[in-house]
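J.:
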Amino acid sequence: MVTEVQLFTEGGQTWEALAPEITLLLGVVMMLIIPNLGDAKWRIPMTQIRLPVLFGGKRFRATSDPQLPAMLAVATLLTALWQAVMSQSGEGQTWYLTSGSGAEANLMLRVDAFSRLMESVFYIALLLISVAMIDRMPAKRGKSLQMKQMINNRRQADFYILLLMSAIGMSIVTMAMDLFMFFVGLEIASLAIFVLVAFQKETPEGAEGGAKYFIVGAISSAVGLYGLSLLYIWNGNLQLLSNSVTGQIGLVEAWGAMDGVGALPLLGLCFVLVGFAFKVSAVPFHFAAPDAYSGASAPIGGLLATVSKAMGFIGLIRVLAMIASPEAESSAVWMMGLGIISLVTMTWGNLAALGSDNPKRMLAYSSVAHAGYMLAGLTAYGAWIGEGNEATTGAGEWILAAILFHLAVLVAFKLGAFLVLALVELDGPITSSKDLAGLAKRDPIIATAMFIFMLSLAGVPPLAGFMSKFLLIGGIVKMSLVDAASGVAMSDLHWTFWLALAVFLNSAISIFYYLRIGVVMFFDAPPNDRRKPLAHAWYIRFTIWACLTGTLLIGLNADFLIEYCQTAAATI
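Quick note, the sequence shown lines up with residues 755 to 1326 if you use the numbering used here.
1) Rounded to whole angstroms, what's the CA-CA distance from M862 to G792? Just pull it up for me.
2) Using CA coordinates, which residue listed in L1226, G1170, D1181 is at the minimum distance from M1204?
3) For F1041, I'd like the list of residues in its chain whose CB is within less than 8 Å of its CB, leaving aside the five on either flank, ordered along the chain.
4) May I ask which residues mark the beginning and end of the alpha helix (DSSP H) holding T1305?
5) Could you pull out every residue in the same chain whose Cβ sits closer than 6 Å to the Cβ of G978, ignoring the five residues on either side in sequence?
6) According to DSSP, simplified to helix, strand and coil, what is Q1320?
7) If I measure Cβ to Cβ from F934 and keep anything under 7 Å in the same chain, skipping five residues before and after, which residues do I get?
8) Looking at the secondary structure, which residues open and close the alpha helix (DSSP H) in which V828 lies?
9) Is D793 helix, strand or coil when you go by DSSP?
10) Comparing C-alpha positions only, which one of G1014, G1016, L994, D1013 sits nearest to E1007?
11) Count the other CB atoms within 10 Å of the CB of H1160; is the residue buried (16 or more) or exposed (fewer)?
12) Would you mind reading off the limits of the alpha helix (DSSP H) that contains M891?
13) What's the C-alpha gap between L772 and V927?
14) What is the C-beta distance between A1118 and S1048, in whole angstroms, given that I count them as a contact (C-beta under 8 Å)?
15) Distance, Cα to Cα, L1018 vs R1295?
16) What do you get for G1109, buried or exposed, if any count of 16 or more other CB atoms within 10 angstroms of its CB means buried?
17) In the DSSP output, which residue or residues are listed as bridge partners for D932?
18) Does the beta-carbon of Q802 have 16 or more other beta-carbons within 10 angstroms, so that it is buried, or is it exposed?
19) According to DSSP, is T768 part of a helix, a strand, or is it coil?
20) In the region 1193 to 1281, which residue ranges form an unbroken beta strand (DSSP E) of at least 3 residues, counting only runs that do not cross its ends?
21) What did DSSP end up calling T1101 once you bin it into helix, strand or coil?
22) For the candidate residues L1005, G1093, F1277, F968, whose alpha-carbon lies nearest to that of A1050?
23) What residue does the alpha helix (DSSP H) around W1009 start on, and which one ends it?
24) Would you mind listing the alpha helix (DSSP H) stretches within the region 1001 to 1078 that are 4+ residues and don't spill past its ends, in chain order?
25) Pick helix, strand or coil for T852, following the three-state DSSP scheme.
26) Hey, is the region 1298 to 1318 in contact with the region 1205 to 1225, meaning 3+ C-beta pairs nearer than 8 Å?
27) Please report the distance separating the alpha-carbon of I1298 from that of Q842.
28) Suppose contacts are defined by Cβ-Cβ distances below 7 Å. Is Q910 in contact with P774 by that definition?
29) Okay, do the region 1088 to 1097 and the region 1122 to 1134 touch, 3+ Cβ pairs below 8 Å being the bar?
30) Could you check the C-alpha separation between T1101 and V1037 for me, to the nearest Å?
31) Specify, as a first and last residue, the run of the beta strand (DSSP E) that R864 falls within.
32) Given A834, which residues of its chain have a CB within under 6 Å of its CB, disregarding the five upstream and five downstream residues?
33) Can you tell me the Cβ-Cβ gap for V1178 and L1058, rounded? I've got them flagged as a contact below 8 Å.
34) Using the Cα positions of A1254 and F1032, report the straight-line distance between them to the nearest angstrom.
35) For K1114, which three-state DSSP category applies?
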């Protein structure tokens, strides 16, 4: 069912379409108000009468509870997740949200299976991080209860406000059908993430990583914005789709109508892609990622490796698979360049991970390699997509579905690995693999979970990581064997086939450094300062078990998620 809604004028339908986003906004408001409730009173002038205003003063014991901000964030994200999932239950619903009506209508947002899928991925990841951070930011009440009631959950409130603001920005990114609206959502999320990276200010690595990530991120955003300005000069608007009522030609139609490729739109496209390349940590725009991952707390490192990367790939899919999509019987203009970047990215990421002894930096370089795998899929998508050709259209949707599936399941095993590191970090910073030595003796269950996450990252069956790589490699091979004109198998392989082989070989290389973590955990003796059992930290343990369950269940039966990813890919 398709519904067109004018934003903020049709209240009921606007609420229905944007229910998760409105819930997140209400969560931010509650986070600003509830932790500040106290016994403040206002004196009526010229009298001795004091009226309670409840805002300020010495806060109540309940509102100064260190766990209150986390509980508010968890409740908000759970509600938003439920609303996003339920809106696509049954036959699903698609909303087109415009900024005006009639001749002034501009399509700003589209709520469909694709946006709801990615929103759900974001909310689940942020929900797990919210729960885990309860143990990472403890604040016990001291002797001076009055003083503690003033300050002891301020930092928690700041953290979860930033987390919810990033969720709002991510939601806008998933729905945006105007590149300027996309940029606004991207920056809302990015600015919050920049602060979260440096939130661990007790360590110099946190401040350094946050500063580097902010500087490089700001430069990439400026370059991307300059690219948007060039596209606006070329087309006169930044809407993706054309408007038959207003006569505005969208970027998709304008690009397809070109006779050849003009210098101005091509230059604008390149600058926009540079901005997205930073988000996905593609070589050579990855150099801030290792410092950011290792300097930030482990849960925030997991956020960078999953949802932040997914935002960048949403942008790449919108720009490459929609605007600059290849025409019938021809390849996309960006195909060769992206293929080279994907090959260099996956190879460099794995080689750098092989030489890294810091587990967090190793996972950072591993994340770079995984970006290369997904870029290889996008490259194959650019080989040929001909209108009316069922073979190429089906192969293209398969590849997009495989990329979406990979982004979704990363939340299970990639975030799970970072959460294990978060638990170990409670005993002190993790600077080398020696800090994981003997983990199996200290906590066999957690060590086993970490080993399963490593195997899934390597793509070992029957885990979720194997299924995602199988779909991705299968999609690339399928695309390389389909002829655009006839839809039959070619006698000569298209060169994108070798990208599938590169993904396979790089996955084989990655097994060495993933297994190295397992060897250290199960066969090396723990250092003297890390011999006692791991902290109970039940909140972190719960999130680890949740990720482990997802990794195993998706690996054994991924039919439902694959089907939903295919539905989402068909709506792009």
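Ideal placement from N, C-alpha and C gives every residue a C-beta, glycine not left out.
T.: In brief:
1) On the sequence shown, position 108 is the one that residue 862 refers to. On the sequence shown, position 38 is the one that residue 792 refers to. So the alpha carbons of these two residues sit roughly 41 Å apart.
2) As a position in the sequence shown, residue 1204 is number 450, starting the count at 1. Distances from the CA of M1204 to each of L1226, G1170, D1181 were compared; the closest alpha carbon is that of G1170.
3) The sequence position of residue 1041 within the sequence shown is 287, counting from 1. V970.
4) Taking the first residue of the sequence shown as 1, we reach residue 1305 at position 551. Looking at the DSSP string, the run of the alpha helix (DSSP H) that includes T1305 is 1292 to 1310.
5) Stepping through the sequence shown from its first residue, residue 978 is reached at position 224. Here the set comprises V1026, G1029.
6) Here residue 1320 refers to the residue found at position 566 when the sequence shown is read from its first residue. Of the three classes helix, strand and coil, the one that applies to Q1320 here is helix, per DSSP.
7) Here residue 934 corresponds to residue number 180 of the sequence shown, with the count starting at 1. These residues qualify, in order along the chain: L982, L992.
8) Counting from one through the sequence shown, the residue named residue 828 turns up at place 74. Taken as a continuous stretch (DSSP letters only), the alpha helix (DSSP H) holding V828 covers 822 to 840.
9) Sequence index remark: in the sequence shown, residue 793 carries index 39 (1-based). Three-state result, D793: coil.
10) For this step, residue 1007 is matched to residue 253 along the sequence shown. Closest option to E1007, Cα to Cα, is L994.
11) As a working mapping, residue 1160 is identified with position 406 in the sequence shown. The residue is buried, with at least 16 neighbouring Cβ atoms inside 10 Å.
12) Here residue 891 is taken as the residue at index 137 of the sequence shown, counted from 1. Neither: M891 is in no alpha helix (DSSP H) and is coded neither H nor E.
13) What you label residue 772 is simply residue 18 of the sequence shown in a count that begins at 1. What you label residue 927 is simply residue 173 of the sequence shown in a count that begins at 1. Near 13 Å, if we compare the C-alpha coordinates of V927 and L772.
14) Counting from 1 along the sequence shown, the entry for residue 1118 is found at position 364. Counting from 1 along the sequence shown, the entry for residue 1048 is found at position 294. So it is a contact: roughly 7 Å between Cβ atoms.
15) If you number the sequence shown from 1, residue 1018 lands on position 264. If you number the sequence shown from 1, residue 1295 lands on position 541. Answer to the nearest angstrom: the Cα atoms are 52 Å apart.
16) On the sequence shown, position 355 is the one that residue 1109 refers to. Result: exposed.
17) Working through the sequence shown from its first residue, we reach residue 932 at position 178. Looking at the DSSP assignment, D932 forms a beta bridge with Q993.
18) If you number the sequence shown from 1, residue 802 lands on position 48. Exposed, by the Cβ-count rule.
19) Locating residue 768 in the sequence shown gives position 14, counting from the first residue. Helix.
20) The region 1193 to 1281 contains no whole beta strand (DSSP E) run of 3 or more residues.
21) Counted from its first residue, the sequence shown places residue 1101 at position 347. DSSP places T1101 in helix when its eight states are reduced to three.
22) Counting from one through the sequence shown, the residue named residue 1050 turns up at place 296. Per the Cα distances, F968.
23) The count along the sequence shown starts at 1 and reaches residue 1009 at position 255. That run of the alpha helix (DSSP H) goes 1005 to 1011.
24) Listed in chain order, they are 1005 to 1011, 1017 to 1034, 1043 to 1049, 1052 to 1057, 1063 to 1070.
25) Here residue 852 corresponds to residue number 98 of the sequence shown, with the count starting at 1. In the structure shown, T852 sits in a strand (DSSP, three-state: E or B).
26) yes
27) For the purposes of this step, residue 1298 is taken as the residue at position 544 of the sequence shown. For the purposes of this step, residue 842 is taken as the residue at position 88 of the sequence shown. Roughly 28 Å separates the two Cα atoms.
28) In the sequence shown, counting from the first residue as 1, residue 910 sits at position 156. In the sequence shown, counting from the first residue as 1, residue 774 sits at position 20. Contact: no.
29) yes
30) As a working mapping, residue 1101 is identified with position 347 in the sequence shown. As a working mapping, residue 1037 is identified with position 283 in the sequence shown. The straight-line gap from Cα to Cα measures roughly 10 Å.
31) Here residue 864 is taken as the residue at index 110 of the sequence shown, counted from 1. Unbroken beta strand (DSSP E) run through R864: 861 to 865.
32) Within the sequence shown, residue 834 is the residue found at index 80, counting from 1. Within the same chain, A834 has close Cβ partners P774, T777, L778, Y877.
33) Position 424 of the sequence shown, counted from the start, is the residue given in the question as residue 1178. Position 304 of the sequence shown, counted from the start, is the residue given in the question as residue 1058. Going by Cβ atoms, the distance from V1178 to L1058 rounds to 18 Å, so no, they are not a contact pair.
34) In the sequence shown, the residue the question calls residue 1254 occupies position 500. In the sequence shown, the residue the question calls residue 1032 occupies position 278. Roughly 23 Å separates the two Cα atoms.
35) The residue given as residue 1114 occupies position 360 in the sequence shown. It is helical.
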